[in-house]
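**Student:** Quick one: structure below, then a few questions.
Number of protein chains: 2
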Amino acid sequence: MTITQLTYVLAIAEHKNFTKAAEKCFVTQPTLSTQIQKLEDELDVLIFDRSKKPIELTEVGRKIVNQARNIVNESERIQDIVDQQKGFIGGEFRIGIIPTVMPTLLPMFLKAFIKKYPKVKLKIEELTTEDIIIRINDGHLDAAIAATPLESENIKERVLYYEPFVGYIPEHHRLYDKKLIEISDLEIDDMLLLEDGHCFRDGIINLCKAFKNQTDDNFQLESGSIETLIKLSNEGMGMTLLPYLHTLELNDNLKGNLHHFVEPSPAREVSIIYHKSELKMQIINALHDVISGIIRGAIAFQNVKIISPLAK
Amino acid sequence: MTITQLTYVLAIAEHKNFTKAAEKCFVTQPTLSTQIQKLEDELDVLIFDRSKKPIELTEVGRKIVNQARNIVNESERIQDIVDQQKGFIGGEFRIGIIPTVMPTLLPMFLKAFIKKYPKVKLKIEELTTEDIIIRINDGHLDAAIAATPLESENIKERVLYYEPFVGYIPEHHRLYDKKLIEISDLEIDDMLLLEDGHCFRDGIINLCKAFKNQTDDNFQLESGSIETLIKLSNEGMGMTLLPYLHTLELNDNLKGNLHHFVEPSPAREVSIIYHKSELKMQIINALHDVISGIIRGAIAFQNVKIISPLAK
DNA sequence: TTTTATAATAGCTTTTATCGATAGTTTCTA
DNA sequence: TAGAAACTATCGATAAAAGCTATTATAAAA
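Written out as structure tokens, the structure is:
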């Protein structure tokens with residue numbers, strides 16, 4: 010048994026196809042076929058059920074894949090140990106970012122990060138919290154930026170910043186004349202929300218429910234992006250809440266519709282999260298330092314009340 | 010990096026000598042030299058400091074060895090997964106047994122076990138509890154039989170039996186005429202004990218201390234084996250306590266010196282212990298079943314009071 | 001039936017792991 | 001301090017393995 014064979018097993022298990030897996034491994038398909046056969050001979054058990062299309066794992070196969078993932082991840086960690094010892098910061102680093110953080114945070118730190126750590130090749134993907142957790146656990150992501158706390162067993166969190174919610178209230182809305190809004194002003198029924206799957210939506214629902222026994226179904230309107238929420242709001246469909254960093258990018262006439270909360274303002278906690286095995290910790294530290302350094306200049310709120318991002 | 014290279018690293022780290030490590034790996038010394046160099050080149054770091062005699066690990070080397078142990082253990086587990094799936098019970102199995110259990114328990118179950126599971130090659134070693142814990146953690150032992158509870162973080166315990174302590178009291182001793190002794194009769198100062206390192210000794214010390222504030226230093230006499238304890242006792246050096254299974258083997262005139270405790274008799278808990286990763290669980294189960302089955306016929310006490318084997 | 005997609009097989013090439021022999025080092029010892 | 005002893009590194013040869021291209025086999029889809 011070799012580590013190479015185990016990575017081949019993982020690739021096939023992932024793509025359910027020898028040919029595609031071979032491409033990902035940068036070898037030809039016959040190479041995979043023969044190596045898998047050798048491993049199956051050595052263990053004297055079938056890992057894949059080739060009679061099914063697409064190919065499936067056998068029962069033992071599934072267990073072997075789990076174990077193989079361990080071994081391959083742990084073996085990759087040896088280079089990380091060496092890098093860490095040398096203080097080398099570089100290599101490929103795959104990071105996931107939730108949709109409501111991506112467009113505002115990424116432009117703020119990316120340039121600075123690349124400049125400071127030119128040897129790190131960041132691969133950035135926009136993903137929901139749910140997908141992020143799956144991919145951190147299976148090793149497809151090295152880290153992610155998401156709203157916390159998540160209370161996910163194998164995942165560690167390190168807070169980057171607290172981002173207050175800001176009310177966006179169009180003209181003619183019942184709260185328009187109130188300069189500073191309060192949590193108790195919120196009515197879930199006239200609130201525009203992102204569609205299901207966004208933790209920013211869940212946070213707002215938690216916020217509303219925290220003060221009144223509001224039901225959490227039958228929303229008036231939902232949208233996939235915050236930009237759309239603002240447009241819908243402008244058309245008089247209701248108010249909405251925006252993450253603070255988003256409000257910095259609005260043009261001046263829209264900024265007039267922003268209404269901050271009285272302190273303590275509700276806020277989300279945004280963290281860099283990573284697997285408890287702490288692979289590539291030196292890059293995670295580097296990201297943390299760059300981002301929290303940059304945010305320190307952008308968000309100056311003292312007193313916030315943290316809202317859970319989890320659907321309840 | 011290959012699993013083979015990692016096992017070579019482990020062998021050298023263990024023997025601190027390329028030549029001996031090569032023998033243990035069943036390859037020649039040049040093979041080790043070249044493979045280690047390849048790995049060191051790939052990682053671009055020195056794992057061993059060859060300037061020291063005997064060879065030493067570098068700082069990164071130590072971390073790499075720890076990680077390598079993980080990987081090698083986990084990769085061996087793949088075959089275990091397959092075996093478990095197939096219900097195959099066989100292969101090499103290394104078990105440690107504490108000295109005060111070894112001579113009585115081993116002859117009772119060994120024959121029956123080998124007969125029932127002929128494909129398992131047991132490698133049995135007599136070790137103190139302390140050594141057992143080290144070796145279970147570093148993968149040199151698959152399981153062990155020891156007095157419990159141990160409260161050791163990475164080790165699981167499964168009770169085999171409760172073995173009462175029996176007083177061995179020579180003629181002319183102040184307790185000789187008392188048929189059933191009590192815990193409160195014990196005086197640590199006229200008790201013969203095993204030398205330091207035996208958990209059976211620690212158990213007795215705990216037992217004495219539980220009832221009186223007896224000091225635990227300045228024992229009169231200590232010995233390395235229970236046989237010697239009995240002889241010393243016969244010569245009038247004091248009384249001693251024996252594990253119940255030992256008393257079954259005494260010749261009849263010595264048996265007259267045995268004094269049981271009034272119930273609940275103090276007893277030690279004897280368990281099969283193993284690493285929490287539960288490698289080779291099917292063999293551990295087999296051992297548990299054979300041993301506890303055999304003991305059930307030999308020990309019939311109902312009511313016991315368990316004494317901790319840990320030095321306090 | 002023909003086409004398409006995909007895995008297995010065959011034959012050959014390249015790479016690599018290992019070996020025996022030997023050279024270079026360090027440490028021990030007389 | 002010379003020489004032996006104990007070790008590790010290096011060299012060249014070899015056998016095993018991992019990989020490639022080309023082809024075949026097989027099953028599903030058109």
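Protein chains in written order, with the working numbering: chain Z, 10 to 321; chain W, 10 to 321.
C-beta: ideal position from N, C-alpha, C; glycine also.
Computed from a prediction, not measured in an experiment: that's the story for all the values here.
(1) Chain Z beta carbons: is any one of them nearer than 8 Å to that of Arg78 of chain W?
(2) Under a CB-based cut-off of 8 Å, is Ile87 of chain W close to chain Z?
(3) Taking only beta-carbon atoms, is Gln311 of chain Z less than 8 Å away from chain W?
(4) DSSP three-state call for Thr249 of chain W: helix, strand or coil?
(5) Determine the chain W residues that contact Leu52 of chain Z at a beta-carbon separation under 8 Å, and present them in chain order.
(6) Tell me whether His284 of chain Z sits in a helix, a strand or coil according to DSSP, three-state version.
(7) May I ask you to report which of helix, strand or coil DSSP gives Tyr17 of chain Z?
(8) Mapping the DSSP letters down to three states, classify Gly70 of chain Z as helix, strand or coil.
(9) At the 8 Å Cβ level, is Val69 of chain W part of the contact set with chain Z, yes or no?
(10) How many angstroms separate the CA atom of Leu319 of chain W from the CA atom of Leu159 of chain W?
(11) Within its chain, find whatever has a CB closer than 6 Å to the CB of Gly212 of chain Z; leave out the 5 residues flanking it on each side and keep chain order.
(12) Closer than 8 Å between beta carbons: that is the criterion. Which residues of the stretch 22-54 of chain W meet it against chain Z?
(13) In the structure shown, what three-state DSSP assignment does Gly212 of chain Z receive?
(14) Mapping DSSP to helix, strand and coil, what is Phe57 of chain Z?
(15) Between Ile12 of chain W and chain Z, is the shortest Cβ-Cβ distance under 8 Å, so that the two count as touching?
(16) When the Cα atoms are used, what is the spatial distance from Gly148 of chain Z to Ser60 of chain W?
(17) On the three-state DSSP scale, how would you describe Phe97 of chain W?
(18) Taking the continuous beta strand (DSSP E) assigned at Lys314 of chain Z, which residues delimit it?
(19) According to DSSP, is Ile90 of chain W part of a helix, a strand, or is it coil?
(20) Taking 7 Å as the cut-off, is the CB of Leu319 of chain Z close to at least one heavy atom of the ligand MN?
(21) For Glu23 of chain Z and Gly96 of chain W, what's the separation of their Cα atoms in angstroms?
(22) Taking 6 Å as the limit between beta carbons, can you name the residues of its chain near Pro108 of chain W, skipping five residues before and five after?
(23) Note the first and the last residue of the continuous beta strand (DSSP E) segment covering Pro173 of chain W.
(24) Quick one, which of Z:Ile154, Z:Thr40 and Z:Pro275 has its alpha-carbon nearest Ile214 of chain Z's?
(25) Residues of chain Z with CB closer than 8 Å to the CB of Glu83 of chain W, please, in chain order.
(26) Taking only beta-carbon atoms, is Gln94 of chain W less than 8 Å away from chain Z?
(27) Quick check: the Cα distance between Ala156 of chain Z and Ile133 of chain W, rounded to an integer number of angstroms?
(28) Check for me: the beta strand (DSSP E) holding Val299 of chain W runs from which residue to which?
(29) Would Lys72 of chain Z pass as an interface residue toward chain W - the criterion being a Cβ-Cβ separation below 8 Å?
(30) Please state the DSSP three-state secondary structure of Phe35 of chain W.
(31) Going by C-alpha distance, which of W:Ala20, W:Val81, W:Thr43 and W:Gly99 is nearest Asn294 of chain W?
(32) Quick one: what's Lys130 of chain W bridged to in DSSP?
(33) Distance, Cα to Cα, Tyr283 of chain Z vs Ile56 of chain W?
(34) For Gly385 of chain W, which of W:Thr256, W:Val168 and W:Gln311 has the nearest alpha-carbon?
**Tutor:** Result, derived from the coordinates:
(1) Closer than 8 Å: no.
(2) With a threshold of 8 Å between beta carbons, Ile87 of chain W makes contact with chain Z.
(3) Taking Cβ atoms only, chain W never reaches closer than 8 Å to Gln311 of chain Z, which makes this a no.
(4) Note: Thr249 of chain W maps to strand in three-state DSSP.
(5) By Cβ distance, chain W contributes Ile87, Gln88 and Val91.
(6) His284 of chain Z falls in the strand class under three-state DSSP.
(7) In the structure shown, Tyr17 of chain Z sits in a helix (DSSP, three-state: H, G or I).
(8) Three-state result, Gly70 of chain Z: helix.
(9) Yes, Val69 of chain W counts as interfacial toward chain Z.
(10) Computed Cα separation, rounded: 7 Å.
(11) Taking Gly212 of chain Z as the centre and dropping the five residues before and after it, the same chain places the C-beta of Arg277, Ile316 and Pro318 closer than 6 Å to its C-beta, in chain order.
(12) For the stretch 22-54 of chain W, the residues whose beta carbon sits under 8 Å from a beta carbon of chain Z are, in order, Leu52, Asp53 and Val54.
(13) Helix.
(14) Strand at Phe57 of chain Z.
(15) Interface residue, yes.
(16) Rounded to whole angstroms, the gap between the alpha carbons of Gly148 of chain Z and Ser60 of chain W is 39 Å.
(17) Look at Phe97 of chain W here: in three-state DSSP terms it is coil, with no helix or strand label.
(18) In this chain, the beta strand (DSSP E) harbouring Lys314 of chain Z covers Val313 to Ile315.
(19) In the three-state scheme derived from DSSP, where H, G and I count as helix and E and B as strand, Ile90 of chain W is classed as helix.
(20) In the structure on display, the ligand MN does not appear, and there are no ligands present to speak of.
(21) Roughly 28 Å separates the two Cα atoms.
(22) If we look at Pro108 of chain W and ignore the five residues flanking it on each side, its Cβ neighbours are Glu135.
(23) DSSP places Pro173 of chain W inside the beta strand (DSSP E), whose first and last residues are Ile164 to Tyr177.
(24) Measuring from the Cα of Ile214 of chain Z, the nearest candidate turns out to be Z:Pro275.
(25) Those within 8 Å of Glu83 of chain W in chain Z are Gln76, Asn79, Ile80 and Glu83.
(26) Yes - at least one Cβ of chain Z is within 8 Å of the one on Gln94 of chain W.
(27) Going from the Cα of Ala156 of chain Z to the Cα of Ile133 of chain W covers about 53 Å.
(28) Careful: Val299 of chain W lies outside any beta strand (DSSP E), inside the alpha helix (DSSP H) at Met290 to Ala307.
(29) Output row for Lys72 of chain Z: interface = yes.
(30) Coil at Phe35 of chain W, not helix or strand.
(31) Here the closest residue by C-alpha is W:Gly99.
(32) Paired residues: W:Glu101.
(33) Tyr283 of chain Z and Ile56 of chain W have their alpha carbons spaced roughly 28 Å apart.
(34) Outside the shown range of chain W, which is 10 to 321, sits residue 385 of chain W, and nothing can be said about it.
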